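Read in order, the letters of the sequence shown correspond to residues 31 to 532 in the numbering used here.
For every residue, glycine included, the Cβ atom is placed at its ideal position computed from N, Cα and C.
Since the structure is predicted, the reported quantities are computational estimates derived from the model, not experimental observations.
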Amino acid sequence: MDSLAATAAAERNLRLVMDAVPDAIVVVDRAGRILEANEPARGMGAVPGTTQRPTLFDFVNPDAVSLVQERLAAAFRGDVQRLEIPLIRADGSHGIAALLYAPVREGSVITRLLILARDVTDQRRTESQYQQAEKLAALGQLVSGVAHEINNPAAIISGFAQTLLLDELKPEHREMLQMMYDEATRIGRITSSLLAFARAGGKQRNLVDLNDIARRTFALRSYHLSTLNITVALDLDPSDPKIWADASELQQLLLNLLINAEQALVTVDTQRTITVRTRADERDTRLEIADSGPGIPAELRTRIFDPFFTTKPEGVGTGLGLSICYGIANDHGGRIWVESEPGGGARFCVVLPRDQREEAREPAAAPEPAPPAATGRLAVLVVDDEVALREALLRFLQRRDIHVEGVGDGREAIRLLEQRAFDVIISDVRMPGMSGREFLERLRRDRPDLVARLVFSTGDAFTPETATLLKESGVPTVAKPFDFAVLERVVREVAGRATASA
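As structure tokens, then:
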């Protein structure tokens, strides 16, 4: 009896130890039948001893059955096996499981396998999102430099076109110049959208315009969509709904949904249409992306937001796009779902709460009236390392009866400011030698009277460094490529304000 009691006590202790392990532990035979299971494994549905004894394959995605069988056979030959497989949980949801197969020997014969299983879905999703974030950060740095190099030539083309449009021209010449100006402006919109999407840095939540996010994201895909004969209809709420959110994350969410709709539409030969719709009430904003594609079967709709789940061919997507959308919506306190019937297209709906903070509900203070714009002959100093861009600014402003001088960097500007006075200083933010930030700091130290006369120009206002500078400094800013009518208005307003406060 003592021996039986000791054996029973040992078995109880072993059971307690196994149940205390957070990972699932099962013992299987050569057919994969589950002989023993700890509490986490039983919670997953692995219940041994029933009439219809479950097998290891009941919890494996059908696509992975052959791999599991192959590794099972290898483990019974004596080799410890480690693998990751698609998992089907007891509630029918899907994930990723990391498995370890360890042979159990009785003498020299392997009679069973001990299998340790861990649900690593969240871990793999976090790793993938981290890798995605690293890629986006690197992309943001790259795009920032490229956008600067693209925006400067675009600003030069735009500037000379606007200057020539001031002349009396033949209608056909005016039309060609207007087209040049319009296309340079289009370049600016595209690079601005790229920067907003791919900027590096941590999360930055601000009050953002949902309609503006929709327009910017569409601009990124408009040409590609047109080559696929896909028509996009923007049905935007006329109230221009605002939301407290990370603009780049919302743009990523919408871009992922656009690409998902695009990939569905290329499989049909009928009319291809995507509709982007925004709506808002006092509490929530709603974003919908609907397509006229083949629709989504019911059995797939329950899994569509699972990480790594994809119905696309290998090499076309990672199965993370919609999972990331789900995470972004959830992170913003919202929700996302899909409505679809086979053959009837699909509609993805995203509902996000509007800003509920007390300060956001307070009525905005009325803006201070703008000071009278300066109307006399002004003197303007242009600080930019791009010779052609300086020349474009000089020629336009001279045509507007403004005296203009130009220098290539901040140090030259400091020397010139010691010699004569200027009503307004237009300085690029990114320059070799002395940057725009360093130039501002030098003015604050040596010529604080000139800070109010400074205007920044930039082609990368969305990068964290530039955005922080513009926000903290409060210096008026004009974006490249320039709209010279806006530039002239800013110049005259800054001159008028500085004169009034002098």
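query	result
For Ala497, the nearest candidate out of Asn290, Ala127, Ser370 and Arg235 (CA to CA)	Arg235
Cβ-Cβ distance between Leu447 and Arg467 below 9 Å	no
The beta strand (DSSP E) enclosing Asp314, as first and last residue numbers	Asp314 to Asp321
Whole-number beta carbon distance between Leu419 and Gly175, since they are thought to touch under 8 Å	Not really, about 17 Å apart at Cβ, beyond 8 Å.
Ala486, enclosing alpha helix (DSSP H) - first and last residue	Looking at the sequence itself, residue 486 is Phe, so the reference to Ala does not match. Taken as a continuous stretch (DSSP letters only), Phe486 belongs to no alpha helix (DSSP H), being part of the beta strand (DSSP E) at Leu484 to Thr488.
Cβ neighbour criterion (16 or more within 10 Å) applied to Asp453	buried
Arg148 beta carbon near the ligand SAH (any heavy atom closer than 8 Å)	In the structure shown, the ligand SAH is absent, as is every other ligand, since no ligand is present at all.
Helix, strand or coil at Pro133 [DSSP, three-state]	strand
Beta carbon of Arg377 nearer than 9 Å to that of Glu318	yes
When Leu283, Gly440, Pro92 and Arg475 are compared against Leu247, the one with the closest alpha-carbon	Position check: residue 247 holds Thr in this sequence, whereas Leu was assumed. When only C-alpha atoms are compared, the closest one is Leu283.
Leu194 versus Arg407 - alpha carbon distance	21 Å
Sufficient close CB pairs (3 or more, under 8 Å) joining the segment 352-365 to the segment 407-416	no
Nearest-angstrom Cβ-Cβ length linking Ile304 and Ile366, presumed shorter than 8 Å	Their Cβ separation, rounded to whole angstroms, is 17 Å, which puts Ile304 and Ile366 out of contact at 8 Å.
Residues bridged to Val380 [DSSP beta-bridge criterion]	Leu317 and Ile366
7 Å CB neighbourhood of Ile187 in its chain, flanking five on each side removed	Met210 and Ala214
Minimum length 3: unbroken beta strand (DSSP E) runs contained in the segment 185-269	235-239 and 260-265
Leu352 versus Pro506 - alpha carbon distance	39 Å
Local conformation of Gly440 per DSSP, three classes	helix
Contact set for Arg316: own chain, Cβ-Cβ below 6 Å, skip 5 residues either direction	Arg309 and Val381
Cross-strand partners of Gln111 (DSSP beta bridge)	Tyr131
Between the CA atoms of Glu279 and Ala390 - distance to the nearest angstrom	Interpretation of Ala390 is limited by its pLDDT of 45, a score under 50 that renders its predicted location unreliable; the figure taken from the coordinates is listed afterwards. Computed Cα separation, rounded: 21 Å.
Which of helix, strand or coil DSSP assigns to Gly466	helix
Closest residue to Leu117 among Val298, Leu86, Met48 and Asn91 (Cα-Cα distance)	Asn91
Per-residue DSSP class, three states only, for Ile358	helix
CB of Arg148 within 9 Å of CB of Ala54, strictly	yes
CB contact flag (Val412, Val437, <9 Å)	yes
Residue from Leu500, Ile455, Asp311 and Pro462 with nearest C-alpha to Leu473	Ile455
Gly526 versus Ile432 - alpha carbon distance	14 Å
Cross-strand partners of Leu117 (DSSP beta bridge)	Val90 and Gly125
Spatial distance of Pro399 from Lys200 (CA atoms)	Low per-residue confidence applies at Pro399: pLDDT is 49, beneath 50, and the placement is therefore not dependable, though the value from the model is reported in the following sentence. Their Cα atoms are separated by approximately 41 Å.
Neighbourhood of Asn290 by C-beta, 7 Å cutoff - its chain only, sequence neighbours within 5 removed	Gly351 and Leu352
Local Cβ density within 10 Å of Ala422, reported as buried at 16 or more and exposed below that	buried
Buried or exposed by the 16-neighbour rule on C-beta atoms within 10 Å, applied to Leu287	buried
Proximal residues to Ile334 (C-beta, below 7 Å), its chain only, five neighbours per side dropped	Ile326, Leu352 and Val368
Given Glu371 as reference, the closest of Glu66, Ser269, Pro84 and Arg331 once Cα atoms are compared	Arg331
9 Å Cβ cutoff met for Gly373 and Ala320	no
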